[in-house]
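Per full-length UniProt numbering, the sequence shown starts with residue 1, numbered consecutively. Presented below is the structure to which this report refers.
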Amino acid sequence: MNPVQQAVVWLNDPLNWTNPGGILDRLGEHVSISATAVLLGCLVAWPLGLWLGHAGRGGGLVVLVSNLTLAVPTLALLTILPLTFLGFGRPAVVVALAVFAVPPLLANAYTGVRQVDPQTREAARGMGMTGTQVLGRVELPLAVPYLAAGFRTAAVQVVATAALATFVNGGGLGEIIRLGFGLSIAVGGGQILAGGLLVAGLAVGVELLFGLVERLVTPRPLRRAHRGAARRAADAVTGT
């Protein structure tokens, strides 16, 4: 059988799904690692991006931080962090993936606040709102579609990259691929392909799910303008 046929046979074997260390176990690990990393990235990036956007300065800092985090390969972080107090395993993986999640979260949080109409901001101040109230009651609600866009991008990137966790004993769907490489290509080629398909399928599923969420939180009249601004934010981060 060729690798494609082997992958179909491997995926259709119920034992590969339900056995300890099977697909369901690895899928749970993968989702848990990815979710924790993205949430950690949100705790770091969103407050910073919202505050800089509210202050009206720091755009250069946002691009600098984003570019610095993108410049460091995730695999390099996964190699370095286990040598620290984090050790091998999930903590090092979560931190490395959180760093990878920061750029889109930070850029979209900053852009979301800066896209608020200055007249809306001035009207809120004219009503006697403090700076904190303007941020919490006016700017933050209007920035929600941008936060959702950044979350969507970060989640997809982290899910796709979390397969590398297997290199530092972090678990996840990458374990299926690694074990396949431990066999000869003739024997393990189907398992390698199946593992890759599972990671790709999960990433596509996350993209569709959070794409729907992003659409739901974006008012219909703002969707086209929002997509354009979010795309420009992503381009600024990647330097394209």
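No residue lacks a Cβ here, since even glycine has one placed at the ideal position from N, Cα and C. What you are looking at is a predicted structure, and each value in this text was computed from that prediction instead of being measured.
Whole-angstrom distance between residue j and residue i, CA atom to CA atom
i           : j      : result
Asp117      : Thr111 : 12 Å
Ala71       : Phe167 : 20 Å
Phe100      : Gly131 : 31 Å
Ile177      : Ala149 : 30 Å
Leu217      : Asn67  : Before going on, a small fix: residue 217 reads as Val here, not Leu. The straight-line gap from Cα to Cα measures roughly 28 Å.
Ile23       : Asn16  : 6 Å
Asn2        : Gly196 : 16 Å
Ala155      : Gly128 : 38 Å
Leu164      : Leu173 : 9 Å
Phe151      : Phe210 : 8 Å
Val65       : Gln6   : 44 Å
Ala107      : Trp46  : 9 Å
Leu140      : Val113 : 7 Å
Gly180      : Glu214 : 36 Å
Ala55       : Val134 : 11 Å
Gly53       : Val62  : 10 Å
Thr161      : Thr74  : 8 Å
residue 242 : Gly190 : Only positions 1 to 240 of the chain appear in the structure, and residue 242 is not among them; the question remains open.
Leu11       : Thr69  : 36 Å
Ile33       : Val93  : 8 Å
Ala103      : Ala37  : Reading the sequence as shown, one finds Pro at residue 103 and not Ala. If you take the alpha carbons of Pro103 and Ala37, they lie about 13 Å apart.
Ala98       : Gly188 : 31 Å
Pro91       : Leu198 : 23 Å
Leu81       : Gly89  : 10 Å
Glu207      : Thr153 : 8 Å
Gly182      : Gly205 : 28 Å
N-terminal and C-terminal residue of the alpha helix (DSSP H) that residue i is part of
i      : result
Glu122 : 118-126
Thr18  : 14-18
Gln133 : 131-134
Gln6   : 3-11
Assigned exposure category for residue i - 16 Cβ within 10 Å defines buried
i      : result
Gly49  : buried
Glu175 : buried
Arg137 : exposed
Ala123 : exposed
Gln115 : buried
Pro20  : exposed
Pro14  : exposed
Ala76  : exposed
Arg57  : exposed
Thr18  : exposed
Val158 : buried
Pro145 : buried
Gly28  : exposed
Distance cut-off 8 Å: residue i Cβ against heavy atoms of the ligand MN
i      : result
Val159 : Judged by which ligands are present, the structure shown has none, so any question about the ligand MN falls away.
Exercise. Quick one: complete beta strand (DSSP E) runs, 3+ long, within the region 36-104?
Worked result: Taking only runs of at least 3 residues, no beta strand (DSSP E) segment lies wholly in the region 36-104.
For this session: Scan the region 157-184 and note each continuous alpha helix (DSSP H) run of 4 residues or more that stays entirely inside, going in chain order.
Result: Here the runs fully enclosed are 174-181.
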